[in-house]
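Here the structure comes first, spelled out in structure tokens, and everything after it is commentary.
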Amino acid sequence: MNPIETYFYELGLIHASGAGTRETSFYPPLAKLLDELGRKLKPKVRCVSQLTNTGAGSPDFGLYTQDQFQRTGDQKSRLGQMPARGAVELKGPAADMEALARSQQVRDYLDRYRLLLVGNLREFRLMDLDSQGSPRTLETYTIATSPDGLWALCGHPQTAAKQHGERLAEFLTRVMLHAAPLAEPKDVAWFLASYAREARARLELAALDPLPSIRAALEDALGIRFSGDKGEHFFRSTFVQTLFYGVFSAWVLWSKQTGGADPAARFRWKDTADYLHVPFLQVLYHQFVTPGSLREFGLTEVLGWAEQVLNRVDRPSFFAAFEQDQAVQYFYEPFLEAFD
Numbered sequence: 007m008n009p010i011e012t013y014f015y016e017l018g019l020i021h022a023s024g025a026g027t028r029e030t031s032f033y034p035p036l037a038k039l040l041d042e043l044g045r046k047l048k049p050k051v052r053c054v055s056q057l058t059n060t061g062a063g064s065p066d067f068g069l070y071t072q073d074q075f076q077r078t079g080d081q082k083s084r085l086g087q088m089p090a091r092g093a094v095e096l097k098g099p100a101a102d103m104e105a106l107a108r109s110q111q112v113r114d115y116l117d118r119y120r121l122l123l124v125g126n127l128r129e130f131r132l133m134d135l136d137s138q139g140s141p142r143t144l145e146t147y148t149i150a151t152s153p154d155g156l157w158a159l160c161g162h163p164q165t166a167a168k169q170h171g172e173r174l175a176e177f178l179t180r181v182m183l184h185a186a187p188l189a190e191p192k193d194v195a196w197f198l199a200s201y202a203r204e205a206r207a208r209l210e211l212a213a214l215d216p217l218p219s220i221r222a223a224l225e226d227a228l229g230i231r232f233s234g235d236k237g238e239h240f241f242r243s244t245f246v247q248t249l250f251y252g253v254f255s256a257w258v259l260w261s262k263q264t265g266g267a268d269p270a271a272r273f274r275w276k277d278t279a280d281y282l283h284v285p286f287l288q289v290l291y292h293q294f295v296t297p298g299s300l301r302e303f304g305l306t307e308v309l310g311w312a313e314q315v316l317n318r319v320d321r322p323s324f325f326a327a328f329e330q331d332q333a334v335q336y337f338y339e340p341f342l343e344a345f346d
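This is the structure:
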């Protein structure tokens with residue numbers, strides 16, 4: 007089994023036994039999944055259960071990097087260290103995520119650990135504190151909207167892994183990388199490509215075609231026609247590549263014109279059309295900032311996540327990897343390789 011399939015299978019076994027407690031019995035499957043995904047990162051990230059109370063309570067897990075352990079292979083982190091990649095608080099599947107996100111417990115953990123993954127097995131939220139010190143949600147992932155829906159999926163782990171495998175794995179990987187330094191082009195490319203894949207998945211789950219006008223405009227711009235099932239997949243893939251690479255290109259131009267002079271300046275993806283003087287792209291982004299059908303498919307949410315990542319990039323180090331004014335051209339290859 008792959009790690010995601012194993013996660014659903016083990017949750018289902020624990021639930022079927024009828025002997026599990028409300029939440030703690032379900033810790034091991036998630037810890038194992040985080041460890042498996044974290045093992046592939048550089049540096050590796052490990053999930054440590056039941057953290058010591060350092061004044062704000064005891065989160066269920068801490069996400070530590072390899073260099074925080076006493077020696078290679080040691081499962082104990084150095085005493086007094088904060089988990090470099092944040093903490094995790096896990097509740098049972100009946101827990102109300104809205105109430106949990108507003109709880110004093112979550113606020114206390116955020117004050118102490120700064121970055122917190124909150125979950126109830128079927129929904130997850132990555133949270134931190136904004137510039138005003140208020141809790142905010144950075145990203146979310148939903149497996150099922152009810153406990154019954156979760157257990158139904160767990161009864162068919164292969165189907166569950168097919169539906170959620172790549173997207174859930176990438177969400178949890180992004181969680182473990184969120185606090186990591188971000189300067190290398192390959193790392194930025196992975197993040198943008200990961201968000202583009204999430205956007206493509208949302209489009210492919212759409213029951214109706216939300217993009218007829220965009221399709222026609224893109225066909226005219228490229229001089230090709232998208233037909234049949236393969237053409238449909240290729241269109242949606244090309245569309246999200248254009249969408250996210252356009253945001254990246256606008257960020258590059260913004261960085262040169264505005265952001266470079268002020269390290270604290272913040273890029274907004276909604277300003278993309280102001281930097282890209284291409285009629286098709288201006289129409290495209292205008293449709294996303296204007297209320298309408300395109301906003302119903304969750305793509306603006308993912309664009310917001312991409313905006314957050316671009317605002318995390320160490321701009322001087324990133325642009326040092328490219329010749330002057332060549333970032334837009336040369337970044338496309340690592341982005342496309344990471345995307346598909």
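Residue numbers for the sequence shown follow my numbering, so the first one is 7 and each next one is one higher. Each residue gets a CB set at the ideal place from its N, CA and C atoms; glycine is no exception.
Check, Outcome
"Contiguous beta strand (DSSP E) assignments of at least 3 residues, all confined to the stretch 76 to 131", "93 to 96, 122 to 125"
"Entirely enclosed beta strand (DSSP E) segments - the stretch 200 to 267, minimum 3 residues", "none"
"Whole-angstrom distance between K236 and D193, CA atom to CA atom", "30 Å"
"Cβ-Cβ distance between A195 and A344 below 8 Å", "yes"
"From L305, L290, S255, E307, residue whose alpha carbon lies closest to that of F325", "S255"
"Alpha-carbon spacing of R321 relative to A62, whole angstroms", "34 Å"
"Contact set for E172: own chain, Cβ-Cβ below 8 Å, skip 5 residues either direction", "R203, A207"
"Closest by C-alpha distance to A175, when choosing among L57, L43, I20, L309", "L43"
"Under the three-state DSSP convention, the category L144 falls into", "strand"
"P99 and L135 closer than 8 Å at C-beta", "no"
"Close beta carbons around D349, own chain, < 7 Å, minus the five adjacent residues each side", "Examination of residue 349 is not possible in this model, given that the chain is present from 7 through 346 alone."
"Spatial distance of A166 from L106 (CA atoms)", "25 Å"
"Length of the line joining the Cα atoms of V112 and T179", "21 Å"
"Assigned exposure category for R108 - 16 Cβ within 10 Å defines buried", "exposed"
"Helix, strand or coil at G68 according to DSSP, with G and I counted as helix", "strand"
"Alpha helix (DSSP H) segment containing M180, residue limits", "First, the amino acid is wrong: residue 180 is Arg here, not Met. Where R180 is concerned, the enclosing alpha helix (DSSP H) stretches over 163 to 183."
"Contacting residues, own chain, Cβ-Cβ under 7 Å from S200 (five flanking each side not counted)", "E176, R180"
"Boundaries (first-last residue) of the beta strand (DSSP E) holding S323", "Unbroken run through S323 is the alpha helix (DSSP H), 321 to 325; no beta strand (DSSP E)."
"Cβ distance (whole Å) where A383 is taken to contact V289 below 8 Å", "As shown, the chain starts at 7 and ends at 346. That puts residue 383 outside it, with no answer to give."
"Residues bridged to C53 (per DSSP)", "L69"
"Endpoints, the alpha helix (DSSP H) within which G310 is located", "305 to 318"
"7 Å Cβ shell around E225 - same chain, five flanking residues per side excluded", "R231, F232"
"Under 8 Å between C-beta atoms of R91 and M182", "yes"
"Beta-carbon proximity of P65 to E95, cut-off 8 Å", "yes"
"Beta-carbon spacing of W260, E145 below 8 Å", "no"
"Close beta carbons around Q72, own chain, < 6 Å, minus the five adjacent residues each side", "P49, K50"
"Proximal residues to R251 (C-beta, below 7 Å), its chain only, five neighbours per side dropped", "It should be noted that the sequence gives Tyr, not Arg, for residue 251. Cβ neighbours of Y251 beyond the five flanking positions: Y338, F341."
"Inter-residue CB distance, L57 and A93 (contact presumed, cutoff 8 Å)", "7 Å"
"Coarse secondary structure for L188, derived from DSSP in three states", "coil"
"Cβ separation of W275 and L309, assumed to be a contact under 8 Å, to the nearest whole Å", "5 Å"
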